[in-house]
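Below is the structure:
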């Protein structure tokens, strides 16, 4: 890839995974709101631990693998459909299922501003990480860069949710992003060569929090 093409790819990733990109990620906490409600997360240290665990062993890890796999098979409709089905099957709760579908739909609608045949290959119901991976791959963007950008966006979303839930301040949030930067890079390196057998999570408490959030009466977030 030429320097100009690499710069263009970086600019596209910055646009697609920016908080300003109209996917509505600000409306979701992926169960964090319930974890705060149940006092599993009470401060900035707890927020960092929660996000770090998701990154290494939970939802963010699985999503990173799906971004990687979708980027590799972006030219194969059947493979993309199978990935989408598996990603939805691994959603641990009704809200998680709704979240990944809603974000995926919004992402694809917005990303059509960058025309590509890949939009015709993707299934109608396509989860967020599969959508991002397939579009990035179709545009010739490095899978590792796409995964790293996706993870950074996910961590930023979690930090933002934590700030709004009152368990961390803005400076705390920046320190958390800084502390998890190296870990996100390591996870991206692992995910870029991962296969289906590498999918899996060990974050039972996060899954329970997501399920319990469905019955929470007073809340800021949709998940």
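In the working numbering, the protein residues as written are 1199 to 1421. We put the beta carbon where it would ideally sit given N, CA and C, even for glycine.
Could you work out which residue in the options is closest to residue i when comparing CA atoms only?
| i | options | result |
| --- | --- | --- |
| residue 1258 | 1205, 1363, 1298 and 1406 | 1298 |
| residue 1301 | 1261, 1339 and 1376 | 1261 |
| residue 1323 | 1246, 1304, 1343 and 1339 | 1304 |
| residue 1311 | 1362, 1333, 1296 and 1339 | 1333 |
| residue 1356 | 1234, 1201 and 1274 | 1234 |
| residue 1210 | 1309, 1371, 1390 and 1366 | 1309 |
| residue 1421 | 1295, 1403, 1350 and 1319 | 1295 |
| residue 1470 | 1203, 1279 and 1283 | One cannot answer for residue 1470 here, as it falls past the ends of the chain, which runs 1199 to 1421. |
| residue 1289 | 1419, 1340 and 1405 | 1405 |
| residue 1379 | 1392, 1394, 1350 and 1393 | 1350 |
| residue 1212 | 1419, 1243, 1345 and 1388 | 1345 |
Where does residue i land, buried or exposed, given buried means 16+ other C-beta within 10 angstroms?
| i | result |
| --- | --- |
| residue 1417 | exposed |
| residue 1256 | buried |
| residue 1224 | exposed |
| residue 1353 | buried |
| residue 1394 | exposed |
Measure the alpha-carbon distance for residue i versus residue j and round it to whole angstroms.
| i | j | result |
| --- | --- | --- |
| residue 1364 | residue 1238 | 14 Å |
| residue 1293 | residue 1281 | 19 Å |
| residue 1407 | residue 1381 | 24 Å |
| residue 1226 | residue 1276 | 30 Å |
| residue 1240 | residue 1229 | 14 Å |
| residue 1347 | residue 1369 | 21 Å |
| residue 1236 | residue 1413 | 13 Å |
| residue 1307 | residue 1247 | 34 Å |
| residue 1321 | residue 1271 | 13 Å |
| residue 1366 | residue 1274 | 43 Å |
| residue 1384 | residue 1415 | 38 Å |
| residue 1221 | residue 1329 | 12 Å |
| residue 1361 | residue 1231 | 11 Å |
| residue 1392 | residue 1386 | 10 Å |
| residue 1201 | residue 1411 | 46 Å |
| residue 1204 | residue 1339 | 8 Å |
| residue 1388 | residue 1341 | 11 Å |
| residue 1425 | residue 1242 | The first residue shown for the chain is 1199 and the last is 1421, placing residue 1425 beyond what the model contains. |
| residue 1335 | residue 1283 | 19 Å |
| residue 1419 | residue 1244 | 19 Å |
If contacts are defined as beta-carbon pairs under 8 Å, then residue i and residue j qualify, I think. What distance do you get, rounded to the angstrom?
| i | j | result |
| --- | --- | --- |
| residue 1314 | residue 1337 | 6 Å |
| residue 1291 | residue 1409 | 5 Å |
| residue 1285 | residue 1325 | 4 Å |
| residue 1331 | residue 1377 | Their Cβ separation, rounded to whole angstroms, is 26 Å, which puts residue 1331 and residue 1377 out of contact at 8 Å. |
| residue 1207 | residue 1343 | 7 Å |
Would residue i count as contacting chain D if we go by Cβ distances under 8 Å?
| i | result |
| --- | --- |
| residue 1364 | Protein chain content of the structure displayed is limited to a single chain, and chain D is not contained in it. |
Open item on the list: With a threshold of 8 Å, are at least 3 pairs of Cβ atoms found where one atom belongs to the segment 1388–1405 and the other to the segment 1204–1216?
Closed with: no
Open item on the list: Whether or not the segment 1263–1275 and the segment 1243–1253 are in contact is what I'm after, with contact meaning three or more pairs of Cβ atoms, one per stretch, closer than 8 Å; do they touch?
Closed with: no
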